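So the working numbering is basically just the index in the sequence shown, starting at one, shifted up by 19.
Here is the structure we will look at.
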Amino acid sequence: MTKTFLATAAFGLEGVVANELKRMGIPAKAEQGGARFEGSWTDAYRANLYLRTADRVLYCLKEAQVNTFDQLFRLVESIPWENLLPRDAAIHVSGKCVRSQLMSVRDCQSITKKAIVNRMQQKLHVNRLPENGAEYPIEVAIVKDLARITLDMSGEALNRRGYRTWNGEAPLRETLAAALVDLSPWRPGMRLYDPCCGTGTLLIEAAIKATQRPAGMNRSFACEQFSFMPKDAMADMKAEARLKAAQESVFQIAGSDIDPEALTLCNRHIRQAGFEGRIQAVQQDLRTLQLEGEPGLFLCNPPYGERLGDQQQARALYKEMGLLLKRHPGWKMAVITSDSAFERNFGRRADKKRRLYNGRLECEFCIFG
């Protein structure tokens, strides 16, 4: 029997996540907030293991309109929790409410927890649940009075790959970096260079794609502790992923930055990601950068000005980026920026643009060439 899951995504990346799932052989449909798919428990685990651009994988238990707390209680209580949760499950409820009649998140969480406990006590014929076992993260999300009750299969957000334990100034989230790699003209086998590589996230995410390495290979997921999950199948899938990742693959991915402290972090992250000696990151001023050899793609997340406090300096850098592209005939460039004056300072209009969000900042992903 297939189940319904939602791979959540940042605004603007829903289609990217849906396409990732389709490439994995899992039919999916983009919707606001993510991509919905039908599948088995092993499909959900595979999505957790391999998805590079999604935030979480949620098991959708029930959805319905609710206008009162009593309706919410009855909706949650109608779910057969006794078939999902063991007697000792640690039940953790998170919540969010957006433009709904029920706007108290704390009350919605409390009522959801009470309904789950009430159902479990009745079905298991017990007066108390110990809650000293594995944690089962449950979310109640109410948007425009539509309540969705889900079980979080991921636990920690999927951007936590395990390689980035030090953050520089204004870090780029791993899932957004992976999406920029996918949305850019770059494809594995092409040359890629980041002239503002910072702490190295774009370089590493491109290498993960080039090697077809599962993004979640070096981390655990909440669902690995769930009693109903197929433990042997999950272990086999992760072992197969490690075997695939160990196979050597050739790629041309490198970068540079003017900041020596950022480069120190960058090389630590490259080493922790397992790409030491395969991704080159050096100290280099973008204004004097000159690359030889075959053309490729410049992919970067330069300072935004508002983000680092010096818009004038940032805009001078954008002009230098335009000159960098002129110095490299045949190269293309893809840049994410929140500055509406980026193209004017760069010196030309982008051939393609896409609106994205870097955290709360509305940005444009500009592609030149």
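Just so it is clear, CB atoms sit at the ideal spot from N, CA and C, and this is done for glycine as well.
This structure is a prediction, so every number in the text was calculated from the model and none was measured.
Let me make sure I understand the geometry here. Which of ASN320, ILE227, LEU380 and ALA54 has the alpha-carbon closest to that of ALA391?
Nothing about residue 391 can be read from this structure; the chain reaches only from 20 to 388.
So, for LEU310: in the same chain, excluding its five sequence neighbours on each side, which residues have a beta-carbon less than 7 Å away from its beta-carbon?
For this step, residue 310 is matched to residue 291 along the sequence shown. Excluding residues up to 5 positions away in sequence, TYR212 and HIS347 lie with their Cβ nearer than 7 Å to the Cβ of LEU310 in the same chain.
Are the Cβ atoms of LYS142 and TYR78 separated by less than 8 Å?
Position 123 of the sequence shown holds residue 142. Position 59 of the sequence shown holds residue 78. Taking the C-beta atoms as reference points, TYR78 is found no nearer than 8 Å to LYS142.
Measuring CB to CB, does PRO321 end up less than 8 Å from VAL354?
Along the sequence shown, one-based indexing puts residue 321 at 302. Along the sequence shown, one-based indexing puts residue 354 at 335. Annotated as proximal: PRO321 and VAL354, with beta-carbon spacing under 8 Å.
GLN302 - partner residues in DSSP beta bridges
Stepping through the sequence shown from its first residue, residue 302 is reached at position 283. In the DSSP output, where bridge partners are listed per residue, GLN302 has ASP276.
For the alpha helix (DSSP H) that ASP62 lies in, which residues bound it at each end?
Here residue 62 refers to the residue found at position 43 of the sequence shown. Run containing ASP62: 60 to 69, per the alpha helix (DSSP H) assignment.
Rounded separation between MET340 and GLY219 - CA only
One-based indexing of the sequence shown puts residue 340 at position 321. One-based indexing of the sequence shown puts residue 219 at position 200. Answer to the nearest angstrom: the Cα atoms are 18 Å apart.
Indicate the three-state DSSP secondary structure (helix, strand or coil) for CYS242 in the structure shown.
Within the sequence shown, the letter at position 223 stands for residue 242. Annotated three-state conformation of CYS242 is helix, per DSSP.
Whole-number beta carbon distance between LEU195 and ASN377, since they are thought to touch under 8 Å:
Counting from one through the sequence shown, the residue named residue 377 turns up at place 358. Counting from one through the sequence shown, the residue named residue 195 turns up at place 176. Going by Cβ atoms, the distance from ASN377 to LEU195 rounds to 6 Å, so yes, they are a contact pair.
Is the beta carbon of PRO249 sitting closer than 8 Å to the one on THR61?
Locating residue 249 in the sequence shown gives position 230, counting from the first residue. Locating residue 61 in the sequence shown gives position 42, counting from the first residue. Inclusion of PRO249 and THR61 in the CB contact set at 8 Å is warranted, their separation being smaller than that value.
Are the stretch 90 to 105 and the stretch 124 to 139 touching by the rule of at least three beta carbon pairs closer than 8 Å?
Output reads yes: the stretch 124 to 139 touches the stretch 90 to 105.
Beta-carbon separation of PHE245 and ALA160 under 8 Å?
Numbered from 1 along the sequence shown, position 226 holds the residue referred to as residue 245. Numbered from 1 along the sequence shown, position 141 holds the residue referred to as residue 160. It is not a contact, given that the beta carbons lie outside the stated cut-off.
Taking 7 Å as the cut-off, is the CB of GLY315 close to at least one heavy atom of the ligand SAM?
Because no ligand of any kind appears in the structure shown, any question about the ligand SAM cannot be addressed here.
How long is the line joining the alpha carbons of ILE272 and GLU224, rounded to whole angstroms?
Stepping through the sequence shown from its first residue, residue 272 is reached at position 253. Stepping through the sequence shown from its first residue, residue 224 is reached at position 205. Answer to the nearest angstrom: the Cα atoms are 10 Å apart.
Quick check on DSSP: helix, strand or coil for HIS288?
As a working note, residue 288 is residue 269 in the sequence shown. Residue state, collapsed to three classes: helix.
Just the Cα atoms here: how many angstroms apart are PHE361 and TYR337?
The sequence position of residue 361 within the sequence shown is 342, counting from 1. The sequence position of residue 337 within the sequence shown is 318, counting from 1. Rounded to the nearest angstrom, the two C-alpha atoms are 7 Å apart.
Local conformation of TYR182 per DSSP, three classes:
Translated into positions along the sequence shown, residue 182 becomes position 163. If DSSP states are grouped into helix, strand and coil, TYR182 belongs with coil.
8 Å Cβ shell around GLY235 - same chain, five flanking residues per side excluded:
By 1-based counting over the sequence shown, the position of residue 235 is 216. ASN67, LEU68, TYR69, LEU70, LEU177 and ARG180, listed in sequence order.
Please classify VAL76: is it buried, with 16 or more other beta-carbons within 10 angstroms of its beta-carbon, or exposed?
Counting from 1 along the sequence shown, the entry for residue 76 is found at position 57. VAL76 comes out buried.
Does the beta-carbon of ASP358 have 16 or more other beta-carbons within 10 angstroms, so that it is buried, or is it exposed?
As a position in the sequence shown, residue 358 is number 339, starting the count at 1. ASP358 is buried by the Cβ-count criterion.
Measuring only the C-alpha atoms, how far is LEU375 from GLY52?
Residue 375 sits at position 356 when you count from the first residue of the sequence shown. Residue 52 sits at position 33 when you count from the first residue of the sequence shown. Those two C-alpha atoms are separated by around 13 Å.
Please name the residue or residues paired with ASP213 in a DSSP beta bridge.
Taking the first residue of the sequence shown as 1, we reach residue 213 at position 194. Per DSSP, GLY274.
Using the Cβ count rule (16 or more neighbours within 10 Å means buried), how would you classify TRP185?
What you label residue 185 is simply residue 166 of the sequence shown in a count that begins at 1. Per the 10 Å Cβ criterion, exposed.
What residue ranges within the stretch 24 to 50 form continuous alpha helix (DSSP H) runs of no fewer than 4 residues, ordered along the chain?
With a minimum length of 4 residues, the unbroken runs of alpha helix (DSSP H) contained wholly in the stretch 24 to 50 fall at 33 to 42.
How close, in whole Å, do the beta carbons of PHE56 and PRO46 come, if the pair is a contact with beta carbons under 8 Å?
The residue labelled residue 56 in the question sits at position 37 within the sequence shown. The residue labelled residue 46 in the question sits at position 27 within the sequence shown. A Cβ-Cβ separation of about 6 Å places PHE56 in contact with PRO46 under the 8 Å criterion.
Please classify ALA108: does DSSP put it in a helix, a strand, or coil?
Here residue 108 is taken as the residue at index 89 of the sequence shown, counted from 1. In this structure, ALA108 counts as coil in the three-state DSSP scheme.
Same chain only: Cβ atoms within 6 Å of LYS372, ignoring 5 sequence neighbours per side:
The residue you call residue 372 lines up with position 353 of the sequence shown. GLU383 and CYS385, listed in sequence order.
Here's a check: name, in chain order, each residue in its chain whose Cβ is nearer than 7 Å to the Cβ of TRP100, leaving out the five neighbours to either side.
The count along the sequence shown starts at 1 and reaches residue 100 at position 81. Excluding residues within five positions, the ones whose Cβ falls inside 7 Å are ILE135, ARG138 and MET139.
So, for GLN238: in the same chain, excluding its five sequence neighbours on each side, which residues have a beta-carbon less than 8 Å away from its beta-carbon?
Within the sequence shown, residue 238 is the residue found at index 219, counting from 1. It is Arg, not Gln, that sits at residue 238 in the sequence shown. Cβ within range, chain order: GLU175, ARG179, ARG180 and GLY181.
Starting from the C-beta of ARG287, find all residues in its chain whose C-beta is less than 7 Å away, skip the five residues before and the five after it, and write them out in chain order.
Stepping through the sequence shown from its first residue, residue 287 is reached at position 268. For ARG287, where only same-chain residues beyond five positions count, the Cβ hits under 7 Å are TRP185.
Anticipated Cβ contact below 8 Å, GLY274 with LEU222, distance rounded:
By one-based count along the sequence shown, residue 274 stands at place 255. By one-based count along the sequence shown, residue 222 stands at place 203. Contact between GLY274 and LEU222 is confirmed by a C-beta separation of about 5 Å, below the 8 Å threshold.
Identity of the residues DSSP links to CYS127 by a beta bridge
The residue labelled residue 127 in the question sits at position 108 within the sequence shown. In the DSSP output, where bridge partners are listed per residue, CYS127 has none listed.
Chain-order list of residues whose beta-carbon lies under 6 Å from that of ILE98 (same chain, five-residue window excluded):
Along the sequence shown, read from residue 1 onward, the residue named residue 98 stands at position 79. The residues are LEU80 and LYS81.
Where LEU327 falls: helix, strand or coil (DSSP):
Start at 1 with the first residue of the sequence shown, and residue 327 comes out as number 308. Confidence at LEU327 is low in this model, with a pLDDT of 48, below 50, so its placement is unreliable and no value can be given for it.
When the Cα atoms are used, what is the spatial distance from ARG326 to ARG306?
Along the sequence shown, one-based indexing puts residue 326 at 307. Along the sequence shown, one-based indexing puts residue 306 at 287. Legend: pLDDT at ARG326 = 47, less than 50; position of this residue unreliable, value from coordinates given subsequently. If I take the Cα positions, the gap works out to 21 Å.
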